[in-house]
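Position one of the sequence shown corresponds to residue 167 (this note's numbering), numbered consecutively onward. As structure tokens, the structure follows; a few thoughts come after it.
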Amino acid sequence: MNTVISFILHPLIPVNVSDDDDQEGIDIVYPLTVFFAIGIWLVVRRYHKMHNSPVEFEFSIPEPAYPNWKSIPIKNAHLKSHLEPEYEHLLPTFTDTGREYITCFDPASGLHINTILADNQEDIARKIKAAEKAQKTWRNTTFTQRRRVVRSLLKWLVDNQGLCARVACRDSGKTRKRPAFSYDYPG
């Protein structure tokens with residue numbers, strides 16, 4: 167062990183490559199073993215980092231999530247505001263007759279966010295079948311793959327926490343000072 171330490175502290179000591187015990191220096195096997203061990207450690211570390219690091223993904227920020235977003239105010243807004251005669255223009259341009267729509271609005275200000283198509287029984291059944299199919303794939307994933315998904319979501323949430331807070335506040339009508347109390351604290 168003293169020879170390894172002296173080799174690290176004094177790298178200019180001549181290296182003994184012969185079998186003669188008369189020469190001074192360090193046997194070449196020791197430094198090669200150290201460098202080989204460091205190489206293996208670096209490869210293993212890189213492998214684990216590659217398989218455990220979060221995956222970057224892109225998403226588009228919805229327009230109502232921007233702080234200076236403006237929209238049409240709805241008086242006494244509710245989920246079916248688009249059915250009232252003064253707000254018929256809130257329906258999408260191309261509507262499917264016989265289908266129901268939902269008016270999305272900011273509860274704090276009454277600003278119209280969007281009018282979306284409500285799911286019918288066929289849509290719900292199709293989504294359930296898609297979820298069942300996805301779960302069959304998901305159940306075959308390893309713990310490492312699942313951990314990577316959770317780490318990716320965690321990284322996205324930490325990187326976009328301001329955006330998430332704005333969306334939660336706009337959706338619930340609460341202020342940013344009390345988002346944790348949005349369902350426990352009335353008001």
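Ideal placement from N, C-alpha and C gives every residue a C-beta, glycine not left out.
* Looking at C-alpha atoms only, which residue of I206, H214, I204 and N168 is the closest neighbour of T310? -> The alpha carbon of T310 has as its nearest neighbour, out of I206, H214, I204 and N168, the alpha carbon of H214.
* Own chain residues within Cβ distance below 6 Å of E266, not counting five before or after -> Hits under 6 Å: A284.
* Asked: So the alpha helix (DSSP H) Y213 belongs to, where does it begin and stop?
  -> DSSP places Y213 inside the alpha helix (DSSP H), whose first and last residues are V195 to N218.
* **the stretch 293–307 touching the stretch 194–202, judged by at least three CB pairs closer than 8 Å** => No: fewer than three Cβ pairs fall under 8 Å.
* Asked: Residue range of the beta strand (DSSP E) that I282 falls in?
  -> Per DSSP, I282 belongs to the beta strand (DSSP E) from H278 to L283.
* To do: Could you tell me if S247 is buried or exposed, where buried requires 16 or more neighbouring beta carbons within 10 angstroms of its beta carbon?
  => S247 is buried by the Cβ-count criterion.
* **Simplified DSSP state of P230, which is helix, strand or coil** => In this structure, P230 counts as helix in the three-state DSSP scheme.
* Asked: Quick one: what does DSSP say P345 is sitting in, helix, strand or coil?
  -> Because the pLDDT of P345 is 49, which lies under 50, any placement of that residue in the model is unreliable, and the number read from its coordinates should be weighed accordingly. Correct three-state label for P345: helix.
* So who's on the other strand from F271, going by DSSP bridges? -> Note: F271 sits in a beta bridge opposite H278.
* Taking 9 Å as the cut-off, decide whether the C-beta atoms of P233 and S338 are in contact. => S338 is positioned such that its CB atom lies no closer than 9 Å to that of P233.
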